[in-house]
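A short write-up of the structure that comes next.
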Amino acid sequence: MNNILVVDEVTKQFGNHTALRSVSLEIPENSIYGLLGPNGAGKTTLIRIINQITYPDQGKVFFGGEALKPEHISQIGYLPEERGLYKNMKVGEQALYLAQLKGLSKHDAKERLKFWFDRFEIGDWWGKKIQELSKGMAQKIQFIVTVLHEPKLLIFDEPFSGFDPINANIIKEEIWNLKENGTSIIFSTHRMESVEELCEYIALIHRAEKILDGKLSDIKKAFKNNIFGVGVTTEAPELLLGELKERYQVLSSSFDSREKQLDFSVQLPNENSTSLLGFLGSKSNVNSFVEAIPSANDIFIRTIQNKGYAHE
Amino acid sequence: MNKLPLIIKREYLAKVRNKSFVIMTFLSPILMVGMILLIAYLTKLNDSEKRVIAVLNESDFFSTEFLSNETTSYVNYRDLTLEEAKDSTINMGYYGLVYVPEENTLELVSQRAFFYSVDAPNTTILESLERIFKERLKQERLRELGISPSEYAEMDRTFQMNISTFEGEQNLKGINEIKAIIGGGFGYLIMMFIIIYGGFVMRSVIEEKTSRIIEVIVSSVKPFQLMLGKIIGTSLAGITQFGIWIVSGTILLFIAMAIFDIDPSDVSGRGAIPAIGQGVNSGIPSADLTMQLYAQELFDIPWGLLITFFLVYFILGYLIYSSIYAAIGAAVDNETDTQQFIFPIILPLMLAIYVGFFSVFSNPHGPIAVGFSIFPLTSPIVMMMRLPGGIGEGGVPVWQLISSILILMATFIGIVWLAAKIYRVGILMYGKKPSYKELFKWLKY
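Just so you know, the sequences run in chain order A and B. Sequential numbering of the first sequence, starting at 85, is according to my numbering. Sequential numbering of the second sequence, starting at -10, is according to my numbering.
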């Protein structure tokens, strides 16, 4: 698979402060890529470098195989974390202006805007001023402006912060559509759970360095501990639990006496869960049996602990 | 593809469509003309107020000296005591009472004479009274010396030094001041333009920063392009506004003068330049000829040259200052933080104007004038004040003009480069209260 974007050993310093230290990333074409990390890790600086707002001190960025150059701006769409619009300008004029700055002709921009305004059913906003719109309305406009020039790469910095749940869902759907149509997408966020379900690939950035990257499913596989969450119905929970503890490592358990429901989590020595299932099947009625897959958050915290950052 | 025209257009329209801008554009000429009318009216009112002064004259030395004129009329009291005269003056509501006692000599009379009034008297009135006594004393003295008034009149001569350049051109007294005022007008225009529209540029940058749209825009265009587009767009709006002001102000002024029947000299003679007016007019024989010479001199001012260099200095000066304003706007988060940075910009502008009015007017080619017309932050204003004198011999030496413009251009490049750097870093920097130290660090980013 081709990479739409390759970041090669990029370093950026602001005075004595290092914002990025030899960060390398490969973002596959037509994927959704999560750039994860706490606030101040360097994500925004990296995105600004990709958008050619600032330039790396060392290292290179390649877009579609070519070294990044000003012409690429028209192929990238960027929705910054700090987003805003001109308050005194009319919606339509403003969208036209921003689209033209991205290199669209006035005619094309108008046509595409019409399409999007109809799609979001906001055609009657054209002549309104931004200050008359609610925040959610303004965010729709911003989204439209970001994707209007049909960029190959879309970058969303903290995409869902500030969106209400309904709008967030609309936007998520639109992003899926864009992905289906071949666009590559980067999400940058410190709220990892908000994009986990969408991302195929992730990179973790911490204190100016990339500490982990790859396919999310692979990472999760690597990080899982063979812990299973199990729910069974049984008349004799103590007995069952006692027998279980003899054979397996039970981490926690709870019993609901009214429903006769015993919930527990157990860590197996390896991936093979057949023997446990067989044992449980013979003693009780199994209601649920789920492997506890670590969340991106867990993975992040564990990675940091492994690398010894947490003690600093 | 070039996005600069797009930015210029937006900045221009955003400015021109702004409500307060529109209101200011059309209200200012009305206010200005209204103010001029008010001043003219008040001046007239002041002049037309007539004061009545009572005179109790017991002396033979004075008879017809107290003559009523435009501003004062005298009422003579007869056969009253001083106390009665005082009462009467108060009762009649007159401005005051002049008491001239009877004495043997005029000297004694003068020494014992008194002016009574309710409040401390108006200096004009006091002066006119003093003049009456002085004149009377002088005549008396002349009579003692045996000189007739006509003989004395012949004695009184005025003298005017003839002045000329070494090339033999006749110089007119005060022409330097007039020329400097014309140049000063241009310089003042540059300063006003910089302060008003530089401020606009700054506020526009702050607006983009606080509305957070800036990052969207700089992901499409280079910050430098945005800054340049902003400065040009704003200045075009400024030129539009100035144009409207000049045209509508002039028309309004003429209409108002026609309606209210005001003599323009009433206003200009008193208001702006009384000192120069006196310097020009006092005691010069055959006023018509002189006026002709002045007209000739004004005609001889190299207007084409002046306007060309005005444009050069205007554009360079405005670009330098407005890019500093843009950098300030980028460095701060809100307008209240701008004060500490604005003062150092205003300072050279004020200095240029003051140096211009105090030094360049009296000595357009002296060392101070030369220095400030070469120093880049003051040269646009100060050089404009010197230029009406011409270039080359008798005017601004060519080397000074060239070095002034070259230094200004070099400064322009340097300042715009620095400002663009601060701007580029500043627009994406939130929540930091900038200090000069911080700004200096940004230059290295």
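For every residue, glycine included, the Cβ atom is placed at its ideal position computed from N, Cα and C.
Alpha-carbon to alpha-carbon, N114 of chain A and I416 of chain B:
Linking I416 of chain B to N114 of chain A through their CA atoms gives a straight-line distance of about 32 Å.
Answer yes or no: does any C-beta atom of chain B fall closer than 7 Å to that of R196 of chain A?
No, its Cβ sits nowhere closer than 7 Å to a Cβ of chain B.
Within this structure, are the beta carbons of L308 of chain B and F401 of chain B separated by less than 7 Å?
L308 of chain B is a Cβ neighbour of F401 of chain B, given a cutoff of 7 Å.
Where S368 of chain B meets chain A, residues with beta-carbon distance less than 8 Å:
By Cβ distance, chain A contributes nothing, its closest Cβ being about 35 Å from S368 of chain B, past 8 Å.
Kindly give me the distance between the Cβ atoms of G172 of chain B and L376 of chain B, rounded to whole angstroms, as I take these residues to be in contact under 8 Å.
At roughly 6 Å, the Cβ-Cβ gap stays under 8 Å, so G172 of chain B and L376 of chain B are in contact.
Shorter than 7 Å from the beta carbon of N100 of chain A to some beta carbon of chain B?
False, the Cβ-Cβ gap to chain B never drops below 7 Å.
Cα separation between I203 of chain B and P140 of chain A?
Cα to Cα, the separation comes out at about 20 Å.
DSSP three-state assignment for A103 of chain A, whether helix, strand or coil
In the structure shown, A103 of chain A sits in a strand (DSSP, three-state: E or B).
Who are the neighbours of K186 of chain A on chain B, taking C-beta pairs under 7 Å?
Result: S209.
Chain-ordered chain A contacts of A316 of chain B [CB-CB under 8 Å]
Those do not exist, as A316 of chain B stays about 17 Å from chain A at its closest Cβ, beyond 8 Å.
Bridge partners for D347 of chain A per DSSP, in chain order?
Answer by DSSP bridge pairing, in chain order: A:G315, A:S338.
Quick check on L169 of chain A - is its C-beta less than 7 Å from some C-beta in chain B?
Cβ-Cβ to chain B under 7 Å: yes for L169 of chain A.
Strictly under 7 Å for the Cβ-Cβ distance: is Y162 of chain A near chain B by that measure?
By the rule that beta-carbons nearer than 7 Å mark a contact, Y162 of chain A touches chain B.
Taking A341 of chain B as the reference, give the member of B:R67, B:Q328, B:S362 with the closest Cα.
Nearest of B:R67, B:Q328, B:S362 to A341 of chain B, Cα basis: B:S362.
Quick one: any contact between the region 137 to 155 of chain A and the region 249 to 256 of chain A, if contact means 3 or more CB pairs under 8 Å?
Judged by Cβ distances under 8 Å, the region 137 to 155 of chain A makes no contact with the region 249 to 256 of chain A, as fewer than three pairs qualify.
Taking Cβ-Cβ distances below 7 Å as the criterion, which residues of the region 134 to 148 of chain A are in contact with chain B?
Cβ proximity to chain B below 7 Å picks out N135, I137 from the region 134 to 148 of chain A.
Less than 7 Å between CB atoms is the rule here; does I202 of chain B satisfy it with respect to chain A?
Judged by the 7 Å Cβ criterion, I202 of chain B is in contact with chain A.
What is the DSSP secondary structure of N381 of chain A, counted as helix, strand or coil?
Three-state DSSP puts N381 of chain A in a helix.
Proximal residues of chain A, C-beta to C-beta of K(-8) of chain B below 7 Å
Neighbours of K(-8) of chain B on chain A, chain order: L185.
How is S137 of chain B classed by DSSP in three states: helix, strand or coil?
Coil.
With distances taken Cα to Cα, identify the nearest neighbour of L152 of chain A among A:L217, A:L361, A:L89.
Out of A:L217, A:L361, A:L89, A:L89 has the C-alpha closest to the C-alpha of L152 of chain A.
Determine the direct distance from the alpha carbon of A408 of chain B to that of G124 of chain A, and round the result to whole angstroms.
Their Cα atoms are separated by approximately 27 Å.
Just to check my reading of the structure: F227 of chain A and L163 of chain A have Cβ atoms closer than 8 Å, yes? What is that Cβ distance to the nearest angstrom?
Contact annotation, F227 of chain A with L163 of chain A: C-beta distance approximately 7 Å; criterion of less than 8 Å satisfied.
Could you tell me the distance, in whole angstroms, from the CA atom of G176 of chain A to the CA atom of N251 of chain A?
Rounded to the nearest angstrom, the gap between the Cα atoms of G176 of chain A and N251 of chain A is 20 Å.
Have a look at D347 of chain A and E322 of chain A and give me their C-alpha separation to the nearest angstrom.
Rounded to whole angstroms, the separation of the alpha carbons of E322 of chain A and D347 of chain A is 12 Å.
Once DSSP output is grouped into helix, strand and coil, what is the label at I391 of chain B?
It is helical.
DSSP three-state assignment for A102 of chain B, whether helix, strand or coil:
Three-state DSSP puts A102 of chain B in coil, outside helix and strand.
For E234 of chain A, return the contacting residues in chain B, with the cut-off set at a CB-CB distance below 8 Å.
Around E234 of chain A, no beta-carbon contact reaches into chain B at under 8 Å, the shortest distance being about 15 Å.
By the three-class DSSP mapping on this structure, what secondary structure does D297 of chain A have?
In the three-state reduction of the DSSP assignment, D297 of chain A falls in the strand class, which pools E and B.
Would you kindly check if the distance between the Cβ of P235 of chain A and the Cβ of G161 of chain A is under 7 Å?
Cβ distance < 7 Å, so G161 of chain A and P235 of chain A count as in contact.
Taking CB distances under 7 Å as the criterion, tell me whether E166 of chain A reaches chain B.
Any Cβ of chain B closer than 7 Å to the Cβ of E166 of chain A would place that residue at the interface, and such an atom is present.
Taking DSSP as the reference, what is the three-state secondary structure of E375 of chain A?
E375 of chain A: strand per DSSP, three-state reduction.
For K202 of chain B, three-class secondary structure by DSSP
Correcting the residue identity first, residue 202 of chain B is Ile in this sequence and not Lys. For I202 of chain B, the secondary structure class from DSSP, reduced to helix, strand or coil, is coil.
Give the residues from the region 386 to 420 of chain B that approach chain A closer than 9 Å (Cβ to any Cβ), ordered along the chain.
Those would be R413, V414, L417, Y419, in chain order.
Proximity test, Cβ basis, 7 Å: V91 of chain A and chain B:
Chain B contact via Cβ: absent.
Taking the straight line between their C-alpha atoms, what separation do you get for E281 of chain A and G298 of chain A?
Those two C-alpha atoms are separated by around 15 Å.
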